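One structure is given here, and the rest of the page talks about it.
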Amino acid sequence: MASKSSGRDKCDLDVGMDYVRSVLFEKPTSIKAGPDSAGIVRALLGAFQMITDFVGKRAFVKNVVLITNTRSTPELDDAFVAGITDIVVKSGINVTLIGTDFDDAQMDPERQKVGATWISFLEGLPNSTILTGKEAIALAEIPAPRVTKSANVFKGGELRIGADLLNTTQTDNSDGTCLCIAVEALGAVKVVRPPSRTTVGLDAKGNLRPVQRTIDYEIHHYTDRKLADADLEEIDKISELVEENQYEIEQVDKDSLVKAYKYGRAVVMLNPALEAARKYHTNLGLDICGVIEERRLPRCYLTGEAMYIVGRQNSTPDMMALSAIVDSLMELDAVAIARYVQRPNAEVQMVALIPVYVNSGVTKKRSRGYMEEKKAVGVQRLHQVIRDIAVNSVRCKGGLKEYCQREDIIPPLNTSLMVSTNVPPQLNDASKGTMSRLTKLLNVSKVEKAPVMRKRSGMDEIALPEDDEDDDLQF
1 MASKSSGRDK
11 CDLDVGMDYV
21 RSVLFEKPTS
31 IKAGPDSAGI
41 VRALLGAFQM
51 ITDFVGKRAF
61 VKNVVLITNT
71 RSTPELDDAF
81 VAGITDIVVK
91 SGINVTLIGT
101 DFDDAQMDPE
111 RQKVGATWIS
121 FLEGLPNSTI
131 LTGKEAIALA
141 EIPAPRVTKS
151 ANVFKGGELR
161 IGADLLNTTQ
171 TDNSDGTCLC
181 IAVEALGAVK
191 VVRPPSRTTV
201 GLDAKGNLRP
211 VQRTIDYEIH
221 HYTDRKLADA
231 DLEEIDKISE
241 LVEENQYEIE
251 QVDKDSLVKA
261 YKYGRAVVML
271 NPALEAARKY
281 HTNLGLDICG
291 VIEERRLPRC
301 YLTGEAMYIV
311 GRQNSTPDMM
321 ALSAIVDSLM
331 ELDAVAIARY
341 VQRPNAEVQM
351 VALIPVYVNS
361 GVTKKRSRGY
371 MEEKKAVGVQ
381 RLHQVIRDIA
391 VNSVRCKGGL
401 KEYCQREDII
411 PPLNTSLMVS
421 TNVPPQLNDA
431 SKGTMSRLTK
441 LLNVSKVEKA
451 PVMRKRSGMD
461 EIALPEDDED
471 DDLQF
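Be aware that the sequence shown starts at 1, since it is given in UniProt numbering, and climbs by one per residue.
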């Protein structure tokens, strides 16, 4: 049955709503509290009508929350219940019933019957929810997390296999000798950095100036002779005495800061000759250098920061190509070591690409492949203890002085980065074949050491100076 009114078709739902509207607004006393126990249901029908009128054809989720108790009895016959069910289904409305005293264990039989009537009424409605008062309060007290959209931190980037890694000044991505896959990067885990010092100023009129955030360094000169003569290692052992003693503060000039890293207990400065090699003057990219077994990459080599690499959206070839790489790495139980340049003319980082399967939650079938990227520190016994230190014009104290110019530990440091793609003997024949095919894609037999690998936690950095030994990374 359909008729035309106001220029649009009217279905059975519209006819029913017209009737409800006439009852509710022409006779408003029918929804007031009184002997009419079905008034609350009529009010519910009025809410359905108002939501339908407000939403119209817009894509809104329609929710209705009904709060009642066992002292209000819904007197509904089968025809009325069928009509309400039909309205809810056609309107796509989600109904939630909160019974404030449904969980009262001391209810008399009459009130229990009323509660059962409400529950029976709601159970017949699709997409309905029934909550007790305590359950509703518990849900309300749970803080709702703020929904944020992941930002693309690698816009316009490519995952390259077989690129010329020796060329650090290449600006053209049209390299026909390598395999390029357009990818995007979404942040997964971000390291929480320590808060910086905030400066707030007022101008002559009393207005706030833009807030400035700076990172300042200072040296504490302790008046206690025991602390003043202690070296770095002893300071850690008697740290409880540090806070209890007086000290003089010396501000550190930013020009006196140099990059350094800590290997074991030795602190090594970044050689000034390597400053020019800290950045790669190329386009952003993610270049796979080699593949190793996952068990050969200890977790302590990786930092806590991570992101997800996915194929470029709306590009089926890129998604399928990335999925093939993920499947191969997963079959080999291996990870890929890659050179990562996040932005043009940015510092290079060495990372590990770890294959990850994403479950949609509906089925257990493997869906589109993702690659989780973690910053690869790649140095033995490096437990996130790298720090920026102040030397040169700043007086070295204690054990720091003897390590200021040490370079004898660099060769073993570089040797610890040796990586090979030789097939380990325990792999079966199928894995050997897959490893061989994947290795053929890597047409670069030797790459230059990455001059800098930065751990983006605070201001930590690690530099690998070049030495005279021929101990470049082998693949």
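All residues carry an ideal CB built from backbone N, CA and C; glycine is no exception.
As the structure is a prediction and not an experimental result, all values here were calculated from the model.
Taking a cut-off of 8 Å for Cβ pairs, the stretch 83 to 95 and the stretch 48 to 64 touch, as three or more such pairs fall below it. With a beta-carbon spacing of about 6 Å, VAL335 and LEU353 fall inside the 8 Å limit used to define contacts. When secondary structure is reduced to three states using DSSP, PRO210 falls in the coil class, being assigned neither helix nor strand. A straight-line Cα-Cα distance of about 30 Å links VAL258 and LEU297.
For ARG339, the uninterrupted beta strand (DSSP E) run begins and ends at 334 to 341, by DSSP.
Judged by DSSP in its simplified three-state form, VAL81 adopts helix. A direct Cα-Cα distance of roughly 34 Å separates LEU286 from ASP216.
Taken through DSSP and simplified to helix, strand or coil, ILE137 comes out as helix.
In the three-state DSSP reduction, ASP216 falls in the coil class, being neither helix nor strand. Under DSSP, LYS62 shares a beta bridge with ILE93.
Of all alpha-carbon atoms in LEU186, ALA136, ILE137, GLY206, the one lying nearest the alpha-carbon of GLY157 is that of LEU186.
With fewer than 16 other Cβ atoms inside 10 Å of its own Cβ, VAL200 counts as exposed.
Annotation: ASP253 to HIS220 spans about 14 Å, alpha carbon to alpha carbon.
For ASP253, the secondary structure class from DSSP, reduced to helix, strand or coil, is coil. Burial check for THR70: the Cβ neighbour count within 10 Å reaches 16 or more, so the residue is buried.
Minimum Cα-Cα distance from GLU305 among the listed residues ASN127, VAL351, CYS178, MET269 corresponds to VAL351.
For LEU179, the three-state secondary structure derived from DSSP is strand. In the DSSP assignment, GLU158 falls within the unbroken beta strand (DSSP E) covering 157 to 161. Counting every other CB atom within 10 Å of its CB across the protein chains shown gives PRO126 a total below 16, marking it as exposed. Nearest Cα to GLU293 within the set MET330, CYS180, ILE325: MET330. A residue is called buried when at least 16 other Cβ atoms come within 10 angstroms of its Cβ; VAL114 meets this threshold and is buried.
In this structure, ASN152 is the residue among ASN152, GLN349, GLU250 with its C-alpha nearest to the C-alpha of GLY311.
Nearest in C-alpha terms to ARG160, of all of GLY290, ALA105, GLY206, is GLY290. For the 9 Å CB-CB criterion, TYR357 and GLN349 do not form a contact.
The alpha carbon of THR85 has as its nearest neighbour, out of VAL55, LYS134, GLU123, the alpha carbon of GLU123. Each of ASN345, ASN314, PRO317, ILE309 was checked against the Cα of ALA338, and the nearest Cα belongs to ILE309. Judged by beta-carbon spacing, VAL88 lies within the 9 Å limit of PHE48, meaning their Cβ atoms are closer than that value. Residue range 109 to 123 is occupied by the alpha helix (DSSP H) that includes ILE119. The continuous stretches of beta strand (DSSP E) do not include ARG71, and DSSP gives it neither H nor E. A distance below 7 Å between beta-carbons, with the five flanking residues on each side excluded, links ASP333 to the following residues of its chain, in chain order: GLU293, GLU294. In this model, MET307 and VAL183 are separated by some 12 Å (Cα to Cα).
The three-state reading of DSSP puts VAL153 in coil, since its state is none of H, G, I, E or B.
Residue pairing from DSSP places ALA185 in a beta bridge opposite ILE309.
In this structure, the beta-carbon distance from THR100 to THR129 does not fall below 9 Å.
For TYR301 and PRO355, the gap between their C-alpha atoms comes out near 17 Å. Rounded to whole angstroms, the gap between the alpha carbons of ILE181 and GLN212 is 41 Å.
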